[in-house]
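Enquirer: Per my numbering: the sequence shown = residues 3 to 329.
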Amino acid sequence: MTPEPMTQDVQTRPALSTAQPEDFFQLLKPRVMSVVVFTAATGLVMAPGSMNPLVAAIAILCIAVGAGAAGSLNMALEGETDALMRRTRGRPVAAGRVRKNDAMAYGVILSLFSVMLLGMNTNWFAAGLLAVTIVYYAGFYTLLLKRRTPQNIVIGGAAGAFPPVIGWAAATGQAPWQAWLLFLIIFLWTPPHSWALALYSAGDYAKAGIPMMPVARGAKSTRLQIMIYSLVFIASAVAPALVGMGGLIYAVVSVAGGLGFLGLAWRLYRSRAGDEPDKADTVGREAALYDVKAQAKPARDLFAFSILYLVALFSAFLVEAVAGLGA
Numbered sequence: 003m004t005p006e007p008m009t010q011d012v013q014t015r016p017a018l019s020t021a022q023p024e025d026f027f028q029l030l031k032p033r034v035m036s037v038v039v040f041t042a043a044t045g046l047v048m049a050p051g052s053m054n055p056l057v058a059a060i061a062i063l064c065i066a067v068g069a070g071a072a073g074s075l076n077m078a079l080e081g082e083t084d085a086l087m088r089r090t091r092g093r094p095v096a097a098g099r100v101r102k103n104d105a106m107a108y109g110v111i112l113s114l115f116s117v118m119l120l121g122m123n124t125n126w127f128a129a130g131l132l133a134v135t136i137v138y139y140a141g142f143y144t145l146l147l148k149r150r151t152p153q154n155i156v157i158g159g160a161a162g163a164f165p166p167v168i169g170w171a172a173a174t175g176q177a178p179w180q181a182w183l184l185f186l187i188i189f190l191w192t193p194p195h196s197w198a199l200a201l202y203s204a205g206d207y208a209k210a211g212i213p214m215m216p217v218a219r220g221a222k223s224t225r226l227q228i229m230i231y232s233l234v235f236i237a238s239a240v241a242p243a244l245v246g247m248g249g250l251i252y253a254v255v256s257v258a259g260g261l262g263f264l265g266l267a268w269r270l271y272r273s274r275a276g277d278e279p280d281k282a283d284t285v286g287r288e289a290a291l292y293d294v295k296a297q298a299k300p301a302r303d304l305f306a307f308s309i310l311y312l313v314a315l316f317s318a319f320l321v322e323a324v325a326g327l328g329a
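#1: Less than 6 Å between C-beta atoms, sequence neighbours within five positions excluded: which residues of the same chain meet that for SER273?
#2: Is the beta carbon of ALA128 closer than 7 Å to that of ALA172?
#3: For TRP197, which residues of its own chain have a beta-carbon under 6 Å away from its beta-carbon, when the five flanking residues on both sides are left out?
#4: Take ILE155 as the anchor and find which of CYS64, ALA21, ARG88, ALA218 has the nearest alpha-carbon.
#5: Where does SER273 fall in DSSP's three states?
#6: Which class does GLU82 belong to by DSSP, given the choice of helix, strand or coil?
#7: If you count every other CB in all the chains shown that lies within 10 Å of the CB of PHE305, and 16 or more means buried, which is it?
#8: Extract the residue ranges of the alpha helix (DSSP H) inside the stretch 108 to 185, only unbroken runs of 4 or more that lie entirely within it.
#9: Any heavy atom of the ligand ADP inside 6 Å of the beta-carbon of VAL47?
#10: Roughly how many angstroms separate the alpha carbons of LEU112 and VAL67, rounded to a whole number?
#11: Once DSSP output is grouped into helix, strand and coil, what is the label at TYR252?
#12: My understanding is that GLY248 touches ALA318, with C-beta atoms under 8 Å, so please give their C-beta distance in whole angstroms.
#13: Cα separation between PRO23 and ASP303?
#14: Evaluate VAL100 with the Cβ neighbour count: other Cβ atoms within 10 Å of its Cβ, from every protein chain shown; 16 or more gives buried, anything less gives exposed.
#15: Helix, strand or coil for ILE230, going by three-state DSSP, please let me know.
#16: Out of curiosity, what's the CA-to-CA distance linking GLU82 and ALA97?
#17: When the Cα of GLU322 is compared with those of SER256, TYR252, THR151, which residue comes out closest?
#18: Within 10 Å of its beta-carbon, does MET3 have 16 or more other beta-carbons around it, so buried, or fewer, so exposed?
#19: How many angstroms separate the CA atom of SER232 from the CA atom of ALA241?
#20: When burial is assigned at 16 or more other CB atoms within 10 Å of the CB, is MET122 buried or exposed?
#21: Assuming LEU30 contacts GLY70 (C-beta within less than 8 Å), just tell me the rounded distance between them.
#22: Apart from the five residues on each side of it in sequence, which residues of its chain come closer than 8 Å, Cβ to Cβ, to GLN297?
#23: Between MET35 and PHE164, what straight-line distance do the alpha-carbon atoms span, to the nearest angstrom?
#24: With distances taken from CA atoms, which of GLY92, GLY220, SER308, LEU226 is nearest GLY259?
#25: Restricting to Cα atoms, I'd like to know which of SER238, ALA267, THR174, ALA107 is closest to VAL257.
#26: Which of the three DSSP states, helix, strand or coil, is assigned to PRO94?
#27: Tell me whether the beta-carbon of LEU261 lies closer than 7 Å to the beta-carbon of THR44.
#28: Round the Cβ separation of ILE157 and THR41 to the nearest angstrom and send it over; I've been treating them as touching at under 8 Å.
#29: Using only CA atoms, which one of GLY175, ALA161, ALA208 lies nearest to VAL38?
#30: Sorted by chain position, which residues of the same chain lie with C-beta nearer than 8 Å to ALA177's C-beta, five sequence neighbours on each side aside?
#31: Whole angstroms is fine: what's the gap from THR192's alpha carbon to TYR202's?
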């Protein structure tokens with residue numbers, strides 16, 4: 003008898019990965035990570051006392067890696083949803099360049115690494131806050147909130163507001179009210195920032211089954227809530243100048259920028275942005291974020307200015323802390 007030829011069903015063979023180093027870097031959500039690094043560094047520098055520069059640098063690295071780990075876990079869990087949205091379909095998991103399990107393992111390993119190193123390098127209180135942030139974003143927000151309530155971004159925004167508190171805790175082992183005021187600024191900034199984007203991306207969210215505010219409550223209600231949140235956010239942004247936490251530079255930036263923010267929020271409230279979902283099928287992340295039809299431009303402008311304003315606020319804090327001009 004002649005032996006049967008050895009065969010293997012090609013469908014059972016593991017698919018070859020097409021992932022490149024750039025794809026694993028993109029899993030970290032580098033743009034989000036850069037904001038996390040900036041706000042965490044601000045909290046660390048503003049904290050009283052001195053800190054060894056090497057210890058401080060390692061602490062910021064741990065916070066950055068932890069934020070990236072949360073981003074990787076988020077992409078692993080939302081790969082199928084991301085593939086339905088033009089703004090996110092180019093992400094590594096959604097595009098099929100990185101396997102879901104690989105992204106998940108990558109996120110878990112980076113999470114453990116960042117939390118453990120931060121604890122050993124600074125203190126376990128800061129490490130615990132970082133662990134809570136990762137679990138909150140990847141678990142509570144991604145798995146539970148995002149698809150169940152139009153308030154998803156309001157509650158889930160806490161995850162993005164933790165970095166300055168973690169930075170402060172890394173420097174002192176404590177999180178006093180000043181650190182939580184930094185938290186509050188970012189927390190209240192998130193709804194108008196995110197809903198402005200959602201107004202001209204509502205078609206994407208509806209297609210993916212995500213009940214963002216414009217999808218669940220309509221554009222008119224969303225514009226009203228953006229206006230209300232903007233008023234509360236600006237009050238929180240100016241508050242540090244009133245309680246002695248921010249100096250003259252911060253006062254000027256917060257008031258001038260706040261007036262600009264409110265002007266754009268009012269313009270958006272009076273507009274018809276989001277009334278007619280954008281049906282364009284623009285390819286590319288940048289195009290999807292900023293190339294919108296004329297009716298949606300007030301939403302786009304508020305979204306873009308909100309980023310500039312938040313960076314300006316924390317830049318003012320940082321400049322005053324480094325120069326010794328703050329309280």
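For glycine and all other residues, C-beta sits at the position ideal for the given N, C-alpha and C.
Expert: Per the coordinate set shown:
#1: Taking the first residue of the sequence shown as position 1, residue 273 is located at position 271. So the list reads PRO300, once near-sequence residues are dropped.
#2: Against the sequence shown, residue 172 aligns to sequence position 170. Against the sequence shown, residue 128 aligns to sequence position 126. Result yes, Cβ atoms of ALA172 and ALA128 sit closer than 7 Å.
#3: Looking up residue 197 in the sequence shown gives position 195. Result list for TRP197: MET215, THR224, ILE228, in chain order.
#4: In the sequence shown, residue 155 corresponds to position 153, counting from 1. When only C-alpha atoms are compared, the closest one is ALA218.
#5: On the sequence shown, residue 273 is found 271 positions in, with the first residue counted as 1. Three-state DSSP puts SER273 in coil, outside helix and strand.
#6: For the purposes of this step, residue 82 is identified with residue 80 of the sequence shown, where counting begins at 1. Three-state DSSP puts GLU82 in a helix.
#7: Indexing the sequence shown from 1 puts residue 305 at position 303. PHE305 comes out buried.
#8: 126 to 137, 154 to 158, 160 to 163, 165 to 174
#9: Questions concerning the ligand ADP fall outside what the structure shown contains, since it holds no ligand whatsoever.
#10: Your numbering for residue 112 matches position 110 in the sequence shown. Your numbering for residue 67 matches position 65 in the sequence shown. Each residue's Cα considered, the two are about 7 Å apart.
#11: Start at 1 with the first residue of the sequence shown, and residue 252 comes out as number 250. Of the three classes helix, strand and coil, the one that applies to TYR252 here is helix, per DSSP.
#12: By 1-based counting over the sequence shown, the position of residue 248 is 246. By 1-based counting over the sequence shown, the position of residue 318 is 316. That belief holds up - the Cβ atoms of GLY248 and ALA318 are roughly 7 Å apart, short of 8 Å.
#13: What you label residue 23 is simply residue 21 of the sequence shown in a count that begins at 1. What you label residue 303 is simply residue 301 of the sequence shown in a count that begins at 1. Near 34 Å, if we compare the C-alpha coordinates of ASP303 and PRO23.
#14: Within the sequence shown, residue 100 is the residue found at index 98, counting from 1. With 16 or more other Cβ atoms within 10 Å, it is buried.
#15: Sequence index remark: in the sequence shown, residue 230 carries index 228 (1-based). Helix.
#16: For the purposes of this step, residue 82 is taken as residue 80 along the sequence shown, with counting starting at 1. For the purposes of this step, residue 97 is taken as residue 95 along the sequence shown, with counting starting at 1. Their Cα atoms are separated by approximately 9 Å.
#17: Taking the first residue of the sequence shown as 1, we reach residue 322 at position 320. GLU322 has its Cα closest to that of TYR252, out of SER256, TYR252, THR151.
#18: Here residue 3 refers to the residue found at position 1 when the sequence shown is read from its first residue. Low confidence applies here, because MET3 scores a pLDDT of 44, under 50, leaving its location unreliable; read the following figure in that light. Per the 10 Å Cβ criterion, exposed.
#19: For the purposes of this step, residue 232 is taken as the residue at position 230 of the sequence shown. For the purposes of this step, residue 241 is taken as the residue at position 239 of the sequence shown. Answer to the nearest angstrom: the Cα atoms are 14 Å apart.
#20: The count along the sequence shown starts at 1 and reaches residue 122 at position 120. When all chains shown are included, MET122 counts as exposed.
#21: Against the sequence shown, residue 30 aligns to sequence position 28. Against the sequence shown, residue 70 aligns to sequence position 68. About 3 Å separates the two Cβ atoms, so the contact holds.
#22: For the purposes of this step, residue 297 is taken as the residue at position 295 of the sequence shown. These residues qualify, in order along the chain: SER273, ARG274, ALA275, ASP277, GLU278.
#23: Translated into positions along the sequence shown, residue 35 becomes position 33. Translated into positions along the sequence shown, residue 164 becomes position 162. The alpha-carbon atoms of MET35 and PHE164 are separated by roughly 13 Å.
#24: By 1-based counting over the sequence shown, the position of residue 259 is 257. The residue with the shortest Cα to Cα distance from GLY259 is SER308.
#25: Residue mapping note: residue 257 aligns to position 255 of the sequence shown, counting from 1. For the residues SER238, ALA267, THR174, ALA107, the minimum Cα distance to VAL257 belongs to SER238.
#26: By 1-based counting over the sequence shown, the position of residue 94 is 92. PRO94 falls in the coil class under three-state DSSP.
#27: By one-based count along the sequence shown, residue 261 stands at place 259. By one-based count along the sequence shown, residue 44 stands at place 42. In this structure, THR44 does not lie closer than 7 Å to LEU261 by Cβ.
#28: As a first step, residue 157 must be located in the sequence shown, where it is residue number 155. As a first step, residue 41 must be located in the sequence shown, where it is residue number 39. About 19 Å; that fails the 8 Å criterion.
#29: Within the sequence shown, residue 38 is the residue found at index 36, counting from 1. If we check each option's Cα against that of VAL38, ALA161 comes out closest.
#30: Sequence index remark: in the sequence shown, residue 177 carries index 175 (1-based). Closer than 8 Å at the Cβ level, and outside the excluded window around ALA177, lie PHE127, LEU131, VAL167, TRP170, ALA171.
#31: By one-based count along the sequence shown, residue 192 stands at place 190. By one-based count along the sequence shown, residue 202 stands at place 200. In a straight line, the C-alpha of THR192 is about 16 Å away from that of TYR202.
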